[in-house]
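Asks: Each residue of the sequence shown is one higher than the one before, starting from 1 at the first, in our numbering. Handing you this structure, nothing more for now.
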Amino acid sequence: MFSTSLRIKLAGVILLSLVAAPVFAQTATYNDAYTIQGFSQPNRVSQVASATSGIILSFNASEGDRVRQGDCLVQLDHRIHDEKLELARVAKDSLGDLQSAEAELTAKNARLDRLIELSSRNHATAVELMQAQEDSAIARANVQRAKDRLAQATADHARLLAESNQFWINAPFDGVVVEFAKEVGEYVGPGEAVICTVAELDTLCVEFLLPRHYRDSFNVGDDVDVVFTVANETVRGTIQFISPFPNGETNTFKVKTRVDNSSGLLNAGERCQLRVNSGSPPKSDSPSNLQLSQHRL
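This is the structure:
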């Protein structure tokens with residue numbers, strides 16, 4: 001028996017070979033039922049990348065590990081960012097400038113009130129009153145400026161706090177870590193942001209190329225029998241997608257079928273067969289379709 005990590009790597013090699021090799025749509029007979037051949041693959045494959053530049057500090061998972069959505073896979077070096085965050089925290093919590101401006105405003109308003117009272121008894125000149133009013137207006141502006149600086153510092157701290165999450169690279173969905181593209185100490189940045197590959201294997205996607213004369217036999221949502229030939233297992237799958245138009249070169253429709261693999265007994269990169277019907281295949285107006293056995297993309 002192969003280890004989980006080795007099986008995943010082998011599946012990856014198979015998938016790469018499928019991409020490089022010509023793809024065929026075939027019909028064959030299997031247990032008195034006409035079948036169409038296809039290949040299984042992970043339901044989703046994600047090349048997990050970093051949204052920020054940095055140096056890889058540590059890995060929190062290994063190749064072959066099962067991970068849950070949101071689990072931390074890789075940690076970037078965040079020590080300098082932490083210092084910036086602390087400075088931003090100190091700035092947003094610093095109330096000295098605001099308190100000083102408010103105290104000055106209180107003093108200027110008090111002086112203005114006294115001069116207004118004195119002016120009502122003709123004990124203060126109009127110039128003194130006007131100067132006191134200007135001083136009060138300037139003091140109010142200083143308070144507002146201190147509040148604006150404090151709001152800016154608070155927003156800057158919130159921004160740095162949000163950016164802190166970018167130093168932890170998390171799994172985008174439940175799956176298996178297939179491989180890491182980087183090592184500890186390597187740089188991650190624009191053009192080379194991909195760090196690892198995660199594949200969803202609890203559900204497999206099996207793609208078939210359906211000949212045109214079988215198109216009307218299937219609909220999205222139909223349950224179908226999918227045969228995994230290597231494992232010699234027949235499982236129920238659900239059609240999730242049928243191409244709305246055929247491929248011009250092969251005259252076939254792409255069909256995607258989802259198969260439950262929560263048991264982990266089925267492999268990605270395995271040849272599969274889609275059972276069409278019992279008895280002889282349906283007739284077609286085109287003689288070439290009647291003789292259809294193989295199409296090359």
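Positions of the beta carbon are idealized from the N, C-alpha and C atoms, including for glycine.
Whole angstroms is fine: what's the gap from glutamate 192's alpha carbon to alanine 51's?
Replies: Taking the first residue of the sequence shown as position 1, residue 192 is located at position 192. Taking the first residue of the sequence shown as position 1, residue 51 is located at position 51. So the alpha carbons of these two residues sit roughly 11 Å apart.
Asks: Got a sec? Which residues, its chain only, sit under 6 Å from serine 243 by beta carbon, not counting five neighbours each side?
Replies: Locating residue 243 in the sequence shown gives position 243, counting from the first residue. Phe253, Lys254.
Asks: Classify leucine 85 as helix, strand or coil using the three-state DSSP reduction.
Replies: Here residue 85 is taken as the residue at index 85 of the sequence shown, counted from 1. Leucine 85 falls in the helix class under three-state DSSP.
Asks: So what does phenylalanine 59 bridge to, in DSSP terms?
Replies: Translated into positions along the sequence shown, residue 59 becomes position 59. Partner(s): Val74.
Asks: In the structure shown, what three-state DSSP assignment does threonine 27 receive?
Replies: To locate residue 27, count along the sequence shown from 1; it is residue 27. For threonine 27, the pLDDT reaches just 49, beneath the cut-off of 50, and the residue's location in the model is therefore unreliable, although a value from the coordinates is still provided. Three-state result, threonine 27: strand.
Asks: Where does valine 127 fall in DSSP's three states?
Replies: As a position in the sequence shown, residue 127 is number 127, starting the count at 1. Three-state result, valine 127: helix.
Asks: Using DSSP with H/G/I as helix, E/B as strand and the rest coil, what is serine 46?
Replies: Stepping through the sequence shown from its first residue, residue 46 is reached at position 46. DSSP places serine 46 in strand when its eight states are reduced to three.
Asks: Taking C-beta to C-beta, are proline 42 and glutamate 270 nearer than 8 Å?
Replies: Translated into positions along the sequence shown, residue 42 becomes position 42. Translated into positions along the sequence shown, residue 270 becomes position 270. The answer is no: Cβ separation not under 8 Å.
Asks: Would you grab the beta carbon distance between threonine 35 and glutamine 273 for me? Rounded to a whole angstrom, and I think it's under 8 Å.
Replies: As a position in the sequence shown, residue 35 is number 35, starting the count at 1. As a position in the sequence shown, residue 273 is number 273, starting the count at 1. Confirmed, Cβ separation roughly 4 Å.
Asks: With a Cβ-Cβ cutoff of 8 Å, do valine 230 and threonine 257 count as a contact?
Replies: Here residue 230 is taken as the residue at index 230 of the sequence shown, counted from 1. Here residue 257 is taken as the residue at index 257 of the sequence shown, counted from 1. No, the Cβ-Cβ distance between valine 230 and threonine 257 is not below 8 Å.
Asks: Does DSSP put lysine 182 in a helix, in a strand, or in coil?
Replies: Sequence index remark: in the sequence shown, residue 182 carries index 182 (1-based). Lysine 182 falls in the coil class under three-state DSSP.
Asks: Per the contact definition of three or more C-beta pairs closer than 8 Å, is the segment 182-198 in contact with the segment 54-72?
Replies: Yes, the segment 54-72 touches the segment 182-198.
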